[in-house]
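The numbering of the sequence shown is my numbering, which starts it at 216 and goes up by one. Note that beta-carbon positions come from the ideal geometry of N, C-alpha and C, so glycine has one too. Data first, discussion second: the structure below is written as structure tokens.
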Amino acid sequence: MFKPGPLNLPSYSLKIKEENGTSYIFDEIRKKYLVLTPEEWVRQHLIQFLIRDKKYPRSLIKLEGGLKLNSLQKRSDILLF
């Protein structure tokens, strides 16, 4: 089980719940709970930093999507339009 630690980002109050010994974190962009992993912990803090501190619009953020570049299909964790 992942134990969240401090990051080099401001601290945010994130919605975390535990069910059957598994921790979940709420993703405000996708509007659902996701399994809390180190990658998701960092991603959710970065999203909050962009939205709250940098005032970046939620509607211009895409998570775990793809981008077609010429004829190449590329994967991204966070895509800002």
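Which residues bound the beta strand (DSSP E) around residue i?
i           : result
residue 290 : 287-290
residue 176 : Past the edges of the chain, shown from 216 to 296, lies residue 176, and the structure says nothing about it.
residue 280 : Here residue 280 belongs to no beta strand (DSSP E), and DSSP marks it neither H nor E.
Residue i: buried (16+ other C-beta within 10 angstroms of its C-beta) or exposed?
i           : result
residue 258 : buried
residue 275 : exposed
residue 287 : exposed
residue 282 : exposed
residue 251 : buried
Quick one: measure Cβ to Cβ for residue i and residue j, integer angstroms, because I've assumed they're closer than 8 Å.
i           : j           : result
residue 261 : residue 277 : So it is not a contact: roughly 14 Å between Cβ atoms.
CB of residue i to nearest heavy atom of the ligand SAH: below 7 Å?
i           : result
residue 226 : Here there are no bound small molecules, and the ligand SAH is not part of this structure.
Inset, instruction - Give a yes or no on contact between the stretch 220-228 and the stretch 240-247, applying the rule of three or more CB pairs nearer than 8 Å. - result: No, because fewer than three Cβ pairs between the stretch 220-228 and the stretch 240-247 fall closer than 8 Å, the two stretches do not touch.
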